[in-house]
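For the sequence shown, counting from 1, position 71 maps to 71 in this note's numbering; every step adds exactly one. Where a beta carbon is used, it is the ideal one built from N, C-alpha and C, also for glycine. Quantities reported herein were computed from a predicted structural model and do not represent experimental measurements.
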Amino acid sequence: MAKKSAIENNKKKAKLVKAYAGRRERLKAKANDESLSIEEQFEARLKLAQLPRNSAKIRIRNRCEISGRPRAFYRKLKMSRIALRELGSRGLIPGLVKSSW
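Put into structure tokens, the structure is as follows:
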């Protein structure tokens, strides 16, 4: 069986986050609502724990859309420094001027 790439895994996690976002938000609000009884809060926390782990927003990793690299990620451009430098050298990124690299 072929190993899944990290990019595919990340996209799968993003889908799960989107699918469970509303439910997760409602359960969190219920679990942190101090006007409810302790039992109701605890029940909400149990339901929250039963949701898939990968449906948590924190599990998504910022990755370069070109190379899939997770480090040195520029959020504004959605790419890593290496991909940015490569495309910048070719003149494919408008407004980016090569200084000295």
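Environment of residue i [buried if 16+ CB atoms lie within 10 Å]
i	result
L46	exposed
S35	exposed
K76	exposed
S80	buried
L92	exposed
A44	buried
K57	exposed
K12	exposed
Chain-order list of residues whose beta-carbon lies under 6 Å from that of residue i (same chain, five-residue window excluded)
i	result
A83	C64, I66, S67
K4	none
R69	S80
L96	G88
For residue i, the nearest candidate out of the options (CA to CA)
i	options	result
K28	A19, I93, F42	F42
Close-in-space but distant-in-sequence residues of the same chain around residue i (CB under 8 Å, 5 per side omitted)
i	result
E25	none
L48	R24, L27, K28, A31
S99	none
R53	R59
A6	R61, R63, G68, P70
7 Å Cβ shell around residue i - same chain, five flanking residues per side excluded
i	result
I60	N10, K13, A14, V17
Enumerate, from N- to C-terminal direction, the unbroken alpha helix (DSSP H) stretches of 4 or more residues contained entirely within the segment 6 to 40.
For the segment 6 to 40, whole alpha helix (DSSP H) runs of length 4 or above, ordered along the chain, are 6 to 32.
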